[in-house]
Structure formats: C-alpha cells, structure tokens
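Just below is one structure, and these are the notes that go with it.
Numbering (the UniProt record's numbering), first residue to last: 1 to 197.
Dropping the structure here:
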C-alpha cells in the first residue's frame, strides 16, 4: 500500500526487531493511528487489521467468519487467504444444503460434484450458470493449489486472492441475495394486489 494520499508523511519509527521496522502514521480519512511494519522496502499494515473487501450482505454467518479470517491474513499470506476462501465455499455449500430446499440434495462429500449439482438444480439462466460454475471452480482449484505445492505461486500475489474474494461475493449474491430479493418483491406485489381487492 502506498503512503502518499492515504497517510500523513509523519513517520514515527517505533522500534526495530529482527530486521523489521515498525512505524506509526495517521490515516487522513479517519485520523486513526496506523502501525506499519517494513521489511525489504515493502510496507504493510500491522494494526489495525480490517476486512479488505466487505462480504456480501446476505453471506451466512459461518461463511462470513471464514471470509473475514481470509481477509485479515491477506496482507501476510495471500496463499492462506485462497485456502480459506475454498473452505468458505465448502461451508456455503453446507449452508445451502441445510437451509435452502432446492439444494437439500447436495452430498457435501465432493466439492466438484456439489458445484455441478448446484449448477444443475439452481434456477439460473445460461450465462449465469457459466459465470457461477467458473467462479466456484476457480475458488476450488486455486484454493486447493494454495494448500499444496504446485506450479501456481500464490504466496506473493494478493491480486489472485482479491479476485477470489470478489468471486465468493458474486456467488453469494447470485445464489442467496438475488432469489431473496425476487421473493421479497413478489411478496410485496401479492400484498399490494391483496390490499386492492
């Protein structure tokens, strides 16, 4: 993260520990103190830790907890974030099975099979199916590679993790938020029609 434009130029070096320099600055926007650590000319925020990309409003609580954990470790380990987002996707599938009737048939044994089943039984138009399947498979594959040695080096690439955060928000939006909003609109319409009769 760049200092210019976000934080004051005041750099109060607090301490140096085992090759790390800790410094304090103040956020221009909220005027809170920010503690940075610096190693190899790459400053990162040490405190306060905050969720980088807010979760989708209707994200189930158990999924949101994992999502927020993934966000909190993003600055230190994009690889850990990717692995946690895969876990969040699996928790989302458990939630769907237990809470949304059309998904009761999910087995929750094989994430790949569950992705196919969600696409097959969900009420999605073709382009939506393709986008959802691509997003879920991306999280599954990249999250899996993040927890195993592979040719994909995620460790120093927060851009990949950020895209996965966007993808899981997209998935929750398409599978939970949009159907909920459709149902709410339909109920309002039925109520309005009922009042007129």
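Cβ atoms here follow ideal geometry from the backbone N, Cα and C, with glycine treated the same way.
A straight line joining the alpha-carbon of residue 158 with that of residue 149 spans about 18 Å. Distance from the CA atom of residue 114 to the CA atom of residue 129, rounded to whole angstroms, is 14 Å. Following the DSSP letters along the chain, one finds residue 174 in no alpha helix (DSSP H), marked with neither H nor E.
Using a Cβ-Cβ distance cut-off of 8 Å, the stretch 74–86 and the stretch 135–143 are in contact, since at least three pairs of beta carbons, one from each stretch, lie closer than that value.
Residue environment: residue 81 is assigned as buried (16 or more neighbouring CB atoms within 10 Å of its CB, all protein chains considered).
In terms of Cα proximity to residue 38, the closest of 192, 76, 172, 163 is 76. The C-beta distance from residue 135 to residue 78 rounds to 18 Å, too long to meet the 8 Å contact threshold. Sequence-distant Cβ neighbours of residue 168 in its own chain, meaning closer than 7 Å and more than five residues away, are 67, 85, 88, 89, 139. Straight through space, the alpha carbons of residue 19 and residue 178 are spaced by roughly 49 Å.
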